[in-house]
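A.B. asks: Everything in the sequence shown is counted per our numbering, starting at 65 for the first residue and increasing by one.
Ideal Cβ placement from N, Cα and C applies to all residues, glycine included.
A single structure is presented below for examination.
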Amino acid sequence: MIIPETIRKKFIAGWREHIPLTYLTDQNCARTAVDPEANHDLLTVSSSAGLITTTSKPLSAEGEANLSFREWCEAWKRLLRLIQDYSPAEYDIWSRHHNRIRDAEDCTTKWSLWLAYDIEIRRRSCTEPLDPSIFQVNIWNDLQPDFLIRQAMERLRSQYTSAPSSSSTLKRRHSPERRDLPNKRPREYTTSDEAERFRCFLCAGSNHSGRYCRNTKLSNGKPTYLRFAGPNKYADPQGRRYCFSFNGNGCQIKYGTCRQGLHKCSLCGGEHTAQVCKDF
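Written as structure tokens, this is what we have:
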């Protein structure tokens, strides 16, 4: 299937900007083959100089973070071909990056996290001296908190939608002859009810992600235990970093310390997670 010419031109020019994989999927390449003008550059006429210039149409990243694994594989097959044709010296390092994600044991269960990691690696490589063949732990750790929060919220929504209503439970527990049950409306969970079950690991708030939290006070008005120490970095009064996975949806390493930091409460420093903390 033909690779869109506008994408090929960007590789000929040196791959200096992020190429969203949505432009290299089977669906988009098939659409481009039928409508060659779909991704063409823009022609601009200068009235003063009387010149016609070609301006590259900005590439939209819309939809890239929602690609399926199948679509990602389709796009990467073409991306590797472009790298081999126009940046052969970089082919091996990008191939190793691709294979690491494709062959990861947790690729299925953490697909959105692996996809976000891939997008961030490709985006940064256009402006930073970054080796994609080496697993970038700092980038992974920056992306993981948001993934864990989304995962927890999805689990809560799933539990809520699949839970039987109070009225159906009453019908199963009591015979039809019982007429003295109070006519009480069953309690329904709301979005805020669900959100309160998962706290921000920095301020204990329930309406935002910890990754974007800049609050300096806890939800009860007291100063936060951890303080902002740089992009995606927070430390306690002694300068120690804490594991946000442990304080969120759980860390694979159950006790002690992992590469993200201490396994202690990010709200008070206690020997428990932020989700069960009662000491802040």
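#1: Is the region 137 to 145 touching the region 81 to 89, taking contact as three or more C-beta pairs under 8 Å?
#2: With distances taken from CA atoms, which of Y306, Q339, A77 is nearest Q324?
#3: Which residue's Cα is closest to the Cα of P122: L194, P196, R80, S159?
#4: Mind the definition here: the region 271 to 290 touches the region 173 to 191 only if three or more C-beta pairs lie below 8 Å; say whether that holds.
#5: Enumerate in chain order the residues of its own chain whose CB-to-CB distance from R237 is below 8 Å, with the five nearest sequence positions on each side excluded.
#6: On the criterion of 16 or more Cβ atoms from any shown chain inside 10 Å, does T96 qualify as buried, or is it exposed?
#7: Between which two residues does the alpha helix (DSSP H) holding I157 run?
#8: Measuring CB to CB, does G312 end up less than 8 Å from L212?
#9: Buried or exposed, going by whether 16 or more other CB atoms sit within 10 Å of the CB of K342?
#10: Closer than 7 Å by C-beta to S283: which residues in its own chain qualify, once you throw out the five before and the five after it? Chain order, please.
#11: How far does the alpha helix (DSSP H) with T70 in it extend, from its first residue to its last?
#12: Would you call S124 buried or exposed, if buried means 16 or more other Cβ atoms sit within 10 Å of its Cβ?
#13: As a quick exercise: from Q200, S309, W175, S222, pick the residue whose alpha carbon is nearest that of N130.
#14: With H, G and I counted as helix, E and B as strand and the rest as coil, what does DSSP make of T86?
C.D. replies: Put simply:
#1: Judged by Cβ distances under 8 Å, the region 137 to 145 makes contact with the region 81 to 89, as three or more pairs qualify.
#2: Reading the sequence shown from its first residue, position 260 is the one you call residue 324. Of Y306, Q339, A77, the residue nearest in Cα terms is Y306.
#3: For the purposes of this step, residue 122 is taken as the residue at position 58 of the sequence shown. Among L194, P196, R80, S159, the Cα nearest to that of P122 belongs to R80.
#4: No, because fewer than three Cβ pairs between the region 271 to 290 and the region 173 to 191 fall closer than 8 Å, the two stretches do not touch.
#5: Residue numbering aside, residue 237 sits at position 173 when the sequence shown is read from its first letter. Low confidence applies here, because R237 scores a pLDDT of 46, under 50, leaving its location unreliable; read the following figure in that light. The beta carbon of R237 sits closer than 8 Å to none of the beta carbons in its chain outside the five residues before and after it.
#6: Counted from its first residue, the sequence shown places residue 96 at position 32. It is buried - the Cβ of T96 has at least 16 other Cβ atoms within 10 Å.
#7: Here residue 157 refers to the residue found at position 93 when the sequence shown is read from its first residue. Membership of I157 in the alpha helix (DSSP H) is indicated by the continuous run 155 to 166.
#8: For this step, residue 312 is matched to residue 248 along the sequence shown. For this step, residue 212 is matched to residue 148 along the sequence shown. L212 sits close to G312, with the two beta carbons spaced by under 8 Å.
#9: One-based indexing of the sequence shown puts residue 342 at position 278. Classification of K342: exposed, given that the 10 Å Cβ count is below 16.
#10: In the sequence shown, the residue the question calls residue 283 occupies position 219. Excluding the 5 residues flanking it on each side, S283 has same chain C-beta neighbours closer than 7 Å at C267, A268, G269, in chain order.
#11: As a first step, residue 70 is located in the sequence shown; it is residue number 6 there, counting from the start. In this chain, the alpha helix (DSSP H) harbouring T70 covers 69 to 76.
#12: On the sequence shown, residue 124 is found 60 positions in, with the first residue counted as 1. A residue is called buried when at least 16 other Cβ atoms come within 10 angstroms of its Cβ; S124 does not meet this threshold and is exposed.
#13: Here residue 130 is taken as the residue at index 66 of the sequence shown, counted from 1. A check of alpha carbon separations from N130 across Q200, S309, W175, S222 identifies W175 as the nearest.
#14: Taking the sequence shown and counting its residues from 1, the one referred to as residue 86 is at position 22. Of the three classes helix, strand and coil, the one that applies to T86 here is helix, per DSSP.
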